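First to last, the sequence lines map onto chains A and B.
All the letters of the first sequence, read from the start, carry residue numbers 4 to 398 under the working numbering.
All the letters of the second sequence, read from the start, carry residue numbers 1058 to 1664 under the working numbering.
Glycine included, every Cβ here is placed at the ideal spot set by N, Cα and C.
Computed from a predicted model, the values in this text were never measured in an experiment.
These notes are about the structure you will find just below.
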Amino acid sequence: MKRLLAVALVLVLVFSAVLTAHAESVQDALEKAAKMTNEELYAKAKEEFAAGAQLNFYSTTSFAEKAAANFMKAYPDLDGKVIYAEIDDGETYTKLTNQIGSGVKDSPDMALVQNGPDLKVNLLEDELSYNYFPEALKDVVPEAYQEPTVVTFINSLMIYNNKEGSVGVNNVWQLVEEDWKGRVFFKDPTNETVNLNFLIMLTSPEWTEKMEKAYEARYGKAWASDEFESASYEWIDGFLKNVNYTFTSASKIATGIASGAAGNMGIFVFSKLRKVAEEDRANLTVLQFENDVDCFSGFMYNVYATVCSDTDCPYACALFINWLLSEEGFAGEKSWNSSQGYYSPNTTIGKPEGLEDQAYVYWDGKLVFEDLEYIDGLGAAYTDVYRFINVRVSK
Amino acid sequence: MKAIQPDLRREPMRYRLRAFFAKPANLILLLFIAVLAVLSLAPMVTMLTNMFKVHAGTEKKMLRLKAGSFTLNHFEMLFKDREWGKANFWTPLLNSLIVACGSGLLGILIGGTVAWFVTRSDLKCKKFISAVFVFPYMMPAWTLALFWTNMFQNSKVGGGVVGMVESLLGVCMPQWFVYGLFPMIVVIGLHYSPFAYLLIGGILKNMDATLEESATILKASRFTIIRRVTVPIIMPAVLSTFLLIFSSGFASYTVPVFLGSATRTFTLSTKMRALIQAGYEGQGYIIAFISILLGTLILGVNQYFTGKRKSFTTVTGKSGQVSLVKLKGANWPVSALLIVLTLFFAIMPLISFALESVIRQPGNYSPSNMTLTFWIGTEASAFETGMPNGILMNGTMWSGLARQVGLALAVALVVGTCGMLIGYACVRRRGSFLSKAVENLAFFPYLMPAMAFGTIYLAVATSASFKWMYGSFFLLGLVAAVKFLPFASRSGVNSMMQISPEIEEAATIFGVGWVTRMARILFPIQKSAIISGYLLPVINVMREVALFTLLVPYPRYLLTTMLFSFNETGYAQYGSAVTLLIIVIIIAINSLVNKLTGASFDKGIGG
């Protein structure tokens, strides 16, 4: 019996040692990878793939599929081994927290995810995934976007159907007024965390102050209320009352507004304009390109890359992240930069000529930028904001 | 050497055990008791514990507690916080009940009326109407929901996108007609009306006509006969049908998603998924548990009514020749109306999906706006629409289809075999405790709404010991096999009941082994029923969404979840193309079943 127990104990120890060693080795590999050149990484990735690995990655942005295709063209020995799967924003972390470490065949090796606060709490803090950022790019990507690594910024803008001319919106408080009821389209924030984060960001002191100023500019008096905690809460309440949820995705909002009734407006992902049929494109106007809006004309959020702690191809993941951050990866044929609404954190990559868009810096101050630290620092207060939004969406 | 003294008191037990285990039926029953207890009851326990646990994600972030810690927060939020509870539980519950009641009544009204016309009147074109009327039951319910929006969306409601009715006839229906509870009731009611037609039609067809004839001789009016004779006789069947449609309507997930999202009309099923998706798993599990309780209650009431019906039909005695009501001048108008309506809901969806899959600009049905890009587009032409290729040229679609077909075949193999074995064992040991236990355990998953059942297995697969299952093909196969076992086991019991045990006993006397008896005697006799038992799960798996949606590793893993994702994320044309593909596959499988077994849905009723 004693002998049996001893054997069992040894087995458990060996097993946990193997597991720990495996976890350490991914982290170590990523640390080493950060100092390597792309050629060195390519050689390592080839070794990993020769040993039977393949790079399965999840992404909330469909453009990543094209980026992967371009990546495999650039590194032909990896062809057919970089497998993309689109994942819904809402269930990203349920899927990832359960699949990482499960040992299930084809579970993800890395992921491109949105909603930084959840990435931090659910994956990085629990060491289910690791951050990777290449040292070679430290000078061209601002420090704030290196940990967690941002691979692209995406903006959602106020865009309207112009068939009967301008809607004349120059202040966000107009959108909570009666005549906008049912005419403003927005994806359910309880289903799309970046939309939720946008509303949560509005409750920050910085944006509350801006909202109060905009209120005063619109109504000629200082904001005051017994009902709401702040001007931002009142705006969220009025806005969600006016929102029309007919379209359940950004693509549907884009095509729906373009082919739908005149004067309808949506706050949706700018890049989705590519989904609109050519005949309908002229029906859409980006409000910010018509006039400035007091105090914002949309919001900007980040897409992060993260490497799963159980990957068997950390070097291939590192090489792919390098690719996404590079000019050829980000601005290659039909990849992110060829569309409106995607911006690289790599400051050497600007938007190409001929696109109806502006560089990332243009949007600073015009859009509500997602702030990982602010949302993460809300703690228990997060529940109050979420509850406030949820009960208004579900009504 | 000391002689071994046999313990005489133990001998009878030993012999009894030997005799017990000598019968294959007993071994089968014991095996299934163990397997089914593990597969249907144990997951319930996991789900119950998950109602009190902090999950990774939103709950962990919100409560600032370690994942896995004990909490009562999920109950407090759902039942103590009035505003939250109303939005996330009470209103969805009320909506579910309205949809369930409404669709039950509508299903019976439509199905019952058509059943009466086909079985009790001299209606024209009965065969055609009967065959086409059951068509919507074969199609997945969500295809009708999509068809409804394709038809009736218009410039005055929602986002103002023009649908087929407005485009062709210039008519705009109001919002309540296009989105919300009303279309949910109509779509679910229409989907299940063939079900009512089959059940009520069966009773009407076999009803003893002498009762009505006696009433006629006693000079009762036609209305009085219907009210005092016909209706009471079919009432237990009507109530039973109502409860079955009610329970299906209550559990429906896909229809409320497609028709309720625009107006924020949540039902318990859609709320369950929305909460789980937003990271409130604990509350999702509580709702799943309540849905299961309600499902059990409804089916319990149904069992009660079904029991009553049995005793009712024995009163009727010998059946006579049914005298058909002459519709006279109303015959052609009624026949024409039924033909038009049945064709509209059977054929129009196919035309609608075909059209929606080839138009570029929504609402524009002119030939110049049509393209095959969404079907056969290559990289150059199709990429702008968000997919690298048209669906027939797309590897992801073919992988999804291959997985779905593989899953359907694997599940059919397991379910068909288990159903037949359960049928054999239960019938051979009829009346014993083991037999009753296995029959009930095998039927248990039927009580659970598909979404709730998927949720239970999500709870299992996300627990530390079973993480290896999460997102695997095996898990999908397992959950589908358990969920679709009730039909197969019932059909197995029914088919085996028809075989007299003497046939098998005769073979046993000649020393024929069990396997040979099964393969050479029992299978050939009940060939068609057994083939149905294998092929029906194929159809179930091919159209299932709710059961798999929480369990697939990513949305495009299976063809049906891919379609669901297409529709949710705005790839409308791809969604329509895949829908059409699924319907065609299901119809093909169904025709195959008919050809192999000689059975069809409307057999025995249609004219």
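>> Strictly under 8 Å for the Cβ-Cβ distance: is Ser1648 of chain B near chain A by that measure?
In response: Walking along the second sequence from the start, residue 1648 of chain B turns up at place 591. It does not: the Cβ of Ser1648 of chain B has no partner Cβ on chain A nearer than 8 Å.
>> Quick check for students: name the residue ranges of the beta strand (DSSP E) that lie wholly in the stretch 54 to 141 of chain A, counting only runs of 3 or more.
In response: 58 to 62, 85 to 89 and 113 to 117
>> Given this structure, state the Cα-to-Cα distance separating Leu1122 of chain B from Thr1618 of chain B, to the nearest angstrom.
In response: To locate residue 1122 of chain B, count along the second sequence from 1; it is residue 65. To locate residue 1618 of chain B, count along the second sequence from 1; it is residue 561. About 33 Å.
>> Less than 8 Å between the C-beta atoms of Asn59 of chain A and Tyr1527 of chain B, yes or no?
In response: As a position in the first sequence, residue 59 of chain A is number 56, starting the count at 1. As a position in the second sequence, residue 1527 of chain B is number 470, starting the count at 1. For Asn59 of chain A and Tyr1527 of chain B, no; Cβs fall outside 8 Å.
>> Please list the terminal residues of the continuous beta strand (DSSP E) segment that includes Leu1088 of chain B.
In response: Position 31 of the second sequence, counted from the start, is the residue given in the question as residue 1088 of chain B. That residue, Leu1088 of chain B, is in no beta strand (DSSP E); its alpha helix (DSSP H) goes Pro1081 to Leu1093.
> How about the stretch 1185 to 1195 of chain B and the stretch 1211 to 1230 of chain B: do they share at least three Cβ pairs that are nearer than 8 Å?
Replying inline: no
>> Beta-carbon within less than 7 Å of Ala48 of chain A's beta-carbon, same chain only, minus the 5 sequence neighbours each way: which residues are those?
In response: On the first sequence, residue 48 of chain A is found 45 positions in, with the first residue counted as 1. Hits under 7 Å: Leu81, Cys316, Tyr318, Ala319 and Leu322.
> Where are the alpha helix (DSSP H) runs, 4 residues long or more, that stay fully inside the stretch 300 to 362 of chain A, in chain order?
Replying inline: 317 to 328 and 330 to 333
> Is it right to say Glu359 of chain A is buried, meaning 16 or more other beta carbons lie within 10 angstroms of its own, or is it exposed?
Replying inline: Taking the first sequence and counting its residues from 1, the one referred to as residue 359 of chain A is at position 356. So Glu359 of chain A counts as exposed.
> Exposed or buried, Trp1205 of chain B, counting other C-beta atoms within 10 Å across all chains shown (16 or more means buried)?
Replying inline: Position 148 of the second sequence, counted from the first residue, corresponds to residue 1205 of chain B. So Trp1205 of chain B counts as buried.
>> Could you give the first and the last residue of the continuous beta strand (DSSP E) run that contains Thr155 of chain A?
In response: For the purposes of this step, residue 155 of chain A is identified with residue 152 of the first sequence, where counting begins at 1. Start and end: Val153 to Asn164.
>> Can you tell me whether Glu1269 of chain B is buried or exposed? The criterion is at least 16 other CB atoms within 10 Å of its CB, across all chains shown.
In response: Looking up residue 1269 of chain B in the second sequence gives position 212. Answer is buried; the Cβ neighbour count reaches 16.
>> Restricting to runs no shorter than 4 residues, where is the alpha helix (DSSP H) found entirely within the stretch 1138 to 1222 of chain B?
In response: 1139 to 1142, 1148 to 1177, 1183 to 1190, 1192 to 1195 and 1198 to 1209
> Identify the residues that DSSP records as bridge partners of Phe1127 of chain B: which are they?
Replying inline: On the second sequence, position 70 is the one that residue 1127 of chain B refers to. Paired residue(s): B:Lys1110.
>> Please identify, using Cβ separations under 7 Å, the residues of the stretch 1116 to 1131 of chain B that lie next to chain A, in order along the chain.
In response: Lys1117, Lys1118, Met1119 and Arg1121
> Roughly how far, in whole angstroms, is the beta-carbon of Leu202 of chain A from the beta-carbon of Ile392 of chain A, given that I think they are within contact range, below 8 Å?
Replying inline: By one-based count along the first sequence, residue 202 of chain A stands at place 199. By one-based count along the first sequence, residue 392 of chain A stands at place 389. Confirmed, about 6 Å.
> Among B:Val1569, B:Leu1535, B:Ile1644 and B:Ala1634, which has the Cα closest to the Cα of Val1092 of chain B?
Replying inline: Looking up residue 1092 of chain B in the second sequence gives position 35. Closest by alpha carbon: B:Leu1535.
>> For chain E, check one thing: does any of its Cβ atoms lie closer than 8 Å to the Cβ of Tyr163 of chain A?
In response: This model lacks chain E altogether, as its protein chains are A and B.
> For a contact meaning CB atoms closer than 7 Å, what does Asn267 of chain A contact in chain B?
Replying inline: Position 264 of the first sequence, counting from 1, holds the residue named residue 267 of chain A. The answer, in chain order, is Gly1216 and Gly1217.
>> In the DSSP output, what is Met268 of chain A paired with across the bridge?
In response: Working through the first sequence from its first residue, we reach residue 268 of chain A at position 265. Answer is A:Tyr163 and A:Val187, bridged to Met268 of chain A.
> Can you list the residues of chain A that Ala1319 of chain B reaches, using a CB-CB cut of under 9 Å?
Replying inline: In the second sequence, the residue the question calls residue 1319 of chain B occupies position 262. Within 9 Å Cβ-Cβ: Asn247, Tyr248, Thr249, Phe250 and Thr251.
>> In whole angstroms, give me the CA-to-CA distance for Gly1666 of chain B and Leu1400 of chain B.
In response: In the structure as shown, chain B begins at 1058 and stops at 1664. Residue 1666 of chain B is therefore absent and cannot be evaluated.
>> Determine, for Asp315 of chain A, whether the minimum Cβ-Cβ distance to residues of chain B falls below 8 Å.
In response: Taking the first residue of the first sequence as 1, we reach residue 315 of chain A at position 312. Output row for Asp315 of chain A: interface = no.
> For the stretch 1138 to 1153 of chain B, which residues have a beta carbon sitting closer than 7 Å to at least one beta carbon of chain A?
Replying inline: Glu1140, Trp1141, Ala1144 and Asn1145
>> Can you confirm whether Trp1525 of chain B, when its beta carbon is compared against all beta carbons of chain A, has any partner nearer than 8 Å?
In response: Within the second sequence, numbered from 1, the residue matching residue 1525 of chain B stands at position 468. Closer than 8 Å: yes.
> Do you know how far the Cα of Met1196 of chain B is from the Cα of Ile1047 of chain B?
Replying inline: Outside the shown range of chain B, which is 1058 to 1664, sits residue 1047 of chain B, and nothing can be said about it.
> the stretch 1600 to 1616 of chain B: which residues have C-beta closer than 7 Å to a C-beta of chain A, in chain order?
Replying inline: Pro1610, Tyr1611, Pro1612 and Arg1613
> CA-CA distance, Ser1409 of chain B and Phe1185 of chain B?
Replying inline: On the second sequence, position 352 is the one that residue 1409 of chain B refers to. On the second sequence, position 128 is the one that residue 1185 of chain B refers to. About 22 Å.
> Between which two residues does the beta strand (DSSP E) containing Thr288 of chain A stretch?
Replying inline: As a working note, residue 288 of chain A is residue 285 in the first sequence. First-last of the beta strand (DSSP E) with Thr288 of chain A: Leu287 to Val289.
> For the stretch 187 to 267 of chain A, which segments carrying the alpha helix (DSSP H) assignment without a break, of at least 4 residues, lie completely within its bounds, in sequence order?
Replying inline: 196 to 205, 208 to 222, 234 to 245 and 253 to 262
> Would you report the Cα separation of Gly1384 of chain B and Thr1267 of chain B, rounded to the nearest angstrom?
Replying inline: As a working note, residue 1384 of chain B is residue 327 in the second sequence. As a working note, residue 1267 of chain B is residue 210 in the second sequence. This sequence places Leu at residue 1384 of chain B; Gly is not what is there. The straight-line gap from Cα to Cα measures roughly 21 Å.
>> Using a Cβ-Cβ distance cut-off of 8 Å, determine whether Ser1348 of chain B contacts chain A.
In response: On the second sequence, position 291 is the one that residue 1348 of chain B refers to. Judged by the 8 Å Cβ criterion, Ser1348 of chain B is not in contact with chain A.
> Any heavy atom of the ligand MG within a distance shorter than 7 Å of the CB on Pro1240 of chain B?
Replying inline: Summarising the ligand content, the structure contains no ligands, and the ligand MG is consequently not present.
> Quick one: what does DSSP say Asp182 of chain A is sitting in, helix, strand or coil?
Replying inline: Counted from its first residue, the first sequence places residue 182 of chain A at position 179. Reduced to three states, the DSSP call for Asp182 of chain A is helix.
> Secondary structure at Phe1323 of chain B, three-state DSSP: helix, strand or coil?
Replying inline: Within the second sequence, residue 1323 of chain B is the residue found at index 266, counting from 1. Three-state result, Phe1323 of chain B: coil.
>> Quick check on this structure: which residue in B:Gly1215, B:Asn1107, B:Gly1549 and B:Val1595 has the alpha carbon closest to the alpha carbon of Ala1001 of chain B?
In response: Since the first residue of chain B shown is 1058 and the last is 1664, residue 1001 of chain B is not available in this structure.
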